[in-house]
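Beneath this line is the structure, given in structure tokens, with notes to follow.
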């Protein structure tokens, strides 16, 4: 059985990644319809994939051949579109963040629950083979007590007229809402839920309303700590992404895995019998080893797992409830930045 998909907002990330790699790459998914407000763009996308095109999202939802919809529109549109999809009886995979406010997120989850349809949120980076392996190593205790993690995602994002990620009213925030969101999710995927945050945001370079700089400090329920750096103001030549995990028996570090690709490796250092601190201790050898998990396409893996949930009537791998929790953490970070206080998450 294949879950038949319609796409609402078929330009951008949908056309670049989620459709060709995710829906077309999954063994249990089939693309049947696409929608976008740009008539010229949607005609090109529909012709490329040989599927039905629609100008209005409500026409996709009225299509009886569509079982599920992937929503990849600007953030402020998610709420109404998910509610409409639930009313139409369509399963939904929504881009992050789920919505702009916590009450909206909660209403979306309840609407899908009441309609008996699945709701998932597209934190597809969890499916990266390196991230799965890091989580497994920590869970198996090979790193000892996990004490700290760091997730960094930076880029150059200059002003673009109408860009929703640069307008808090449309995107819910800037660098932190967009990229920091993924970073927090990955750290929680490895360390567990966050219980307290402190966050600092600002606009130091770019000329738009949303923040271009965000640094968050996280304390997880386990007691471990985390750091998130999300920047829209680092030039391409210097921009990077990295995920680091430290424990009482070693460390795990990746570069280039927090993104849309599927390749990469882990540089691992595991305990080698250290005798203790010595300021004069020479370390001339390299104790690290490179771990290279078999690459997995993150988009195909998530779409396939979501389709499995639809087919087998099980909980999606990243559910609407996960979207609510993510919003609570991100909202707490913005509250901390506004008040200058550490915020407990309830």
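Numbering (this note's numbering), first residue to last: 14 to 359. Built from N, CA and C at the ideal position, the CB exists for glycine as well.
*If you follow the alpha helix (DSSP H) that residue 72 is part of, which residue opens it and which one closes it?*
For the purposes of this step, residue 72 is taken as the residue at position 59 of the chain shown. Its alpha helix (DSSP H) spans residues 70 to 74.
*Kindly indicate which residue of 50, 274 and 21 has the alpha-carbon position closest to the one of residue 97.*
Taking the first residue of the chain shown as 1, we reach residue 97 at position 84. The option with the nearest alpha carbon to residue 97 is 21.
*Reduced DSSP secondary structure (H/G/I, E/B, other) of residue 274*: Your numbering for residue 274 matches position 261 in the chain shown. Residue 274 falls in the coil class under three-state DSSP.
*With a Cβ-Cβ cutoff of 7 Å, do residue 166 and residue 118 count as a contact?*
One-based indexing of the chain shown puts residue 166 at position 153. One-based indexing of the chain shown puts residue 118 at position 105. No, these two residues do not count as a Cβ contact at 7 Å.
*asked:* Could you compute how far the alpha carbon of residue 226 sits from the alpha carbon of residue 40?
replied: To locate residue 226, count along the chain shown from 1; it is residue 213. To locate residue 40, count along the chain shown from 1; it is residue 27. Going by the C-alpha atoms only, they are around 40 Å apart.
*Rounded straight-line distance, which links the Cα of residue 337 to that of residue 188*: The count along the chain shown starts at 1 and reaches residue 188 at position 175. The count along the chain shown starts at 1 and reaches residue 337 at position 324. Straight across, the Cα-Cα distance linking residue 188 with residue 337 is about 19 Å.
_Proximity winner among 164, 78 and 220, relative to residue 180 (alpha-carbon distances)_ = The residue labelled residue 180 in the question sits at position 167 within the chain shown. Minimum Cα distance to residue 180 is reached at 220.
*Contact check, residue 43 vs residue 17, beta carbons under 7 Å*: As a working note, residue 43 is residue 30 in the chain shown. As a working note, residue 17 is residue 4 in the chain shown. Yes.
*Ordered along the chain, which non-local residues of its own chain (more than five positions away) have a Cβ less than 8 Å from that of residue 115?*
Within the chain shown, the letter at position 102 stands for residue 115. Hits under 8 Å: 337, 340, 341 and 344.
*Roughly how many angstroms separate the alpha carbons of residue 133 and residue 171, rounded to a whole number?*
Along the chain shown, one-based indexing puts residue 133 at 120. Along the chain shown, one-based indexing puts residue 171 at 158. Cα-Cα distance, rounded: 31 Å.
_Cα-Cα separation, residue 255 to residue 144_ = The sequence position of residue 255 within the chain shown is 242, counting from 1. The sequence position of residue 144 within the chain shown is 131, counting from 1. If you take the alpha carbons of residue 255 and residue 144, they lie about 11 Å apart.
*Can you have a look at residue 78 and say buried or exposed, based on whether 16 or more other CB atoms are within 10 angstroms of its CB?*
For the purposes of this step, residue 78 is taken as the residue at position 65 of the chain shown. Residue 78 comes out exposed.
_Contact check, residue 184 vs residue 246, beta carbons under 7 Å_ = One-based indexing of the chain shown puts residue 184 at position 171. One-based indexing of the chain shown puts residue 246 at position 233. Cβ atoms of residue 184 and residue 246: not closer than 7 Å.
*From residue 122 to residue 175, what does the alpha carbon distance come to, in whole angstroms?*
Numbered from 1 along the chain shown, position 109 holds the residue referred to as residue 122. Numbered from 1 along the chain shown, position 162 holds the residue referred to as residue 175. When rounded, the distance between both Cα atoms is 29 Å.
*Under a three-way DSSP split, which group does residue 104 fall into?*
Sequence index remark: in the chain shown, residue 104 carries index 91 (1-based). It is a strand residue.
_DSSP bridge partner residues for residue 18 (one or two, in chain order)_ = In the chain shown, residue 18 corresponds to position 5, counting from 1. DSSP links residue 18 through a beta bridge to 44 and 81.
*asked:* Using C-beta distances below 6 Å, list every residue in its chain close to residue 131, excluding the 5 sequence neighbours before and after it, in chain order.
replied: If you number the chain shown from 1, residue 131 lands on position 118. Answer for residue 131: 104, 322, 323 and 329, listed in chain order.
*So, helix, strand or coil for residue 129, using DSSP?*
As a position in the chain shown, residue 129 is number 116, starting the count at 1. It is coil, neither helix nor strand.
*asked:* Is the beta carbon of residue 211 closer than 7 Å to that of residue 199?
replied: Working through the chain shown from its first residue, we reach residue 199 at position 186. Working through the chain shown from its first residue, we reach residue 211 at position 198. Result no, Cβ atoms of residue 199 and residue 211 do not sit closer than 7 Å.
*Given that a residue counts as buried once 16 or more other Cβ atoms are within 10 Å of its Cβ, and exposed if not, what is residue 178?*
As a position in the chain shown, residue 178 is number 165, starting the count at 1. That one is buried.
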